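Step one of this worksheet: look at the structure below.
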Amino acid sequence: MITLVRNSSGAFCRNSNGDLIQKSNIVTTNIAYVFGGQRSDSLYYNNCWGYNGSSWNFETNMPSPGRSSLAASTIGSTAYIFGGYDGGIPYPDPIRDCDSWNGSSWSNEVDMPSPGRELFAASTINTTAYVFGGLTNTG
Numbered sequence: 023m024i025t026l027v028r029n030s031s032g033a034f035c036r037n038s039n040g041d042l043i044q045k046s047n048i049v050t051t052n053i054a055y056v057f058g059g060q061r062s063d064s065l066y067y068n069n070c071w072g073y074n075g076s077s078w079n080f081e082t083n084m085p086s087p088g089r090s091s092l093a094a095s096t097i098g099s100t101a102y103i104f105g106g107y108d109g110g111i112p113y114p115d116p117i118r119d120c121d122s123w124n125g126s127s128w129s130n131e132v133d134m135p136s137p138g139r140e141l142f143a144a145s146t147i148n149t150t151a152y153v154f155g156g157l158t159n160t161g
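Numbering of the sequence shown is given in the numbering used here, commencing with residue 23 and proceeding in unit increments.
See below:
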């Protein structure tokens, strides 16, 4: 069970244990999806939950690694997740992965240009996804 929590810092999620899942990302097609996240003890999630307007359902595991601070967007009915942070050392060492999910299976897409990034945003205009801002391993 996932619960959406809103406060002055933004929107976060809690799992059934009450653990705050930091910096999860939500993408909306006909279902709102929550990808990944991080618990306060540096446990990085690689799961995906979907909310259909009345209940939360476990959908799938993302391709490894589990990560937080990623960005997500949709093109048509396909969700794309970009980058994020997986706890790598030295900190920060964001990842560059770009993966897509069509509602039933994952595909690895072309990685983002170096350096990887976390704590950034993604948006779609027409059929192009854009990523902008964020934190890289150089600041």
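The C-beta atom is built at its ideal place from N, Cα and C for all residues, glycine as well.
The structure displayed is predicted, hence computed values, not measured ones.
- Counting every other CB atom within 10 Å of its CB across the protein chains shown gives I103 a total of 16 or more, marking it as buried.
- For the options G106, P85, N52, E81, the alpha carbon positioned closest to that of Q60 is the one of G106.
- By the neighbour-count definition (other C-beta atoms within 10 Å, threshold 16), F57 is a buried residue.
- Looking at T146, C70, L65, the one whose alpha-carbon comes closest to that of G125 is C70.
- Bridge pairing for E140: L157 [DSSP].
- In this structure, the alpha-carbon of S76 lies about 11 Å from that of A54.
- The continuous stretches of beta strand (DSSP E) do not include G88, and DSSP gives it neither H nor E.
- Per the coordinates, the alpha-carbon of S64 lies some 24 Å from the alpha-carbon of M134.
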